[in-house]
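Numbering-wise (numbering that gives the first Met the number 0), the sequence shown opens with residue 0 and increments by one.
Everything on this sheet refers to the single structure shown next.
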Amino acid sequence: MRRLRHLTGHHRTGTSNRVLGLLLAFNAGAVNAGGFLVVNLYTSHMTGFLSMLADNLVLGNTVLVLSAVGALLAFISGAATTAVMVNWALQRKLHSSYALPLVVVALLMLVFGLVGAITLDWRTPFSVPMTVLLLSFIMGLQNATVTKMSSSQIGVVTDLGIELGKLLYWNRTGTALENQVRSNHARLRLFAGLVAMFLIGGIAGAAGFKHVGFVFVVPLALVLLALSLPPLWADRARLRHPLRKAAPAQLPPAP
């Protein structure tokens, strides 16, 4: 319980960021790949939707423009929700600063896993099923959580390529030590691990959705709940009074 509490608690270490980042990379890969099989769209990152928006604005395809706008707004709303929850919890010095958005992610994944097939028929003003907006909102929540907890220290494929380039760089004989290009092996291992976990999660998600269906995400959601509940339990007394701020530190009496 103590290890789980520290993994999603407000006191961050390099180890806790790395372990949680790897777990969330697996989760993002699984949901992203599974979502593609369901709605033919990737929702973990928004660059594709930005390209869709730009292309179809020029082509005059209003339906796809609305689809891209809807997914972007849902993703941004998810990221903004994470920022609000994390900052609110940090101001109150809660242990569950980063557990709060992960609980919301887990609950929404449970909704997606249990009733996702129904939401495919729920049309929205953005010309996409509710499922697309739900997945985009979930990914916005999760991606922002990773960014907040690691202070933007967790990178992706581009950072992996940069570190590989440093590793392969040939320093000429006689180059001063301070001028030599050196790869950060710890960062290289982290980025390689994140890419590998996203890939493994994608394979698992594609296979799971293909053979099991929406319910495949239920165990993924339960893992996130298991990670998030210990710090929430530690904060149970404070969360009963959510509007109460943490008491300021008492000053020592004047001599």
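Glycine included, C-beta positions come from ideal geometry on N, C-alpha and C.
Predicted model, so just to flag it, every value in this text is computed and none were measured.
| Check | Outcome |
| --- | --- |
| Determine, using beta carbons only, whether T146 and L101 come nearer to each other than 8 Å. | no |
| My assumption, with CB atoms under 8 Å, is that G207 sits in contact with L134. Please give the rounded CB distance. | No, G207 and L134 are not in contact; Cβ-Cβ is about 15 Å, not under 8 Å. |
| Could you check how far apart the C-beta atoms of F48 and L71 are, in whole angstroms? I think they sit under 8 Å. | 5 Å |
| Is it buried or exposed for G13, if we count other Cβ within 10 angstroms and need 16 for buried? | exposed |
| Quick check: what's the CA-CA separation for P229 versus V57? | 50 Å |
| What's the C-alpha gap between I199 and G173? | 43 Å |
| Please state whether DSSP places P124 in a helix, a strand or coil. | coil |
| For A205, collect the residues of the same chain with a Cβ closer than 7 Å to its Cβ; drop the 5 residues on either side in sequence, then sort them by chain order. | A32, G33, L36 |
| Beta-carbon within less than 6 Å of L19's beta-carbon, same chain only, minus the 5 sequence neighbours each way: which residues are those? | L6 |
| Taking a contact to mean a Cβ-Cβ separation below 8 Å, would you say A98 touches S227 in this structure? | yes |
| I'd like to know whether the C-beta atoms of L159 and V194 end up nearer to each other than 8 Å. | yes |
| Rounded to whole angstroms, how far is the Cβ of H94 from the Cβ of A233, which I believe are closer than 8 Å? | 5 Å |
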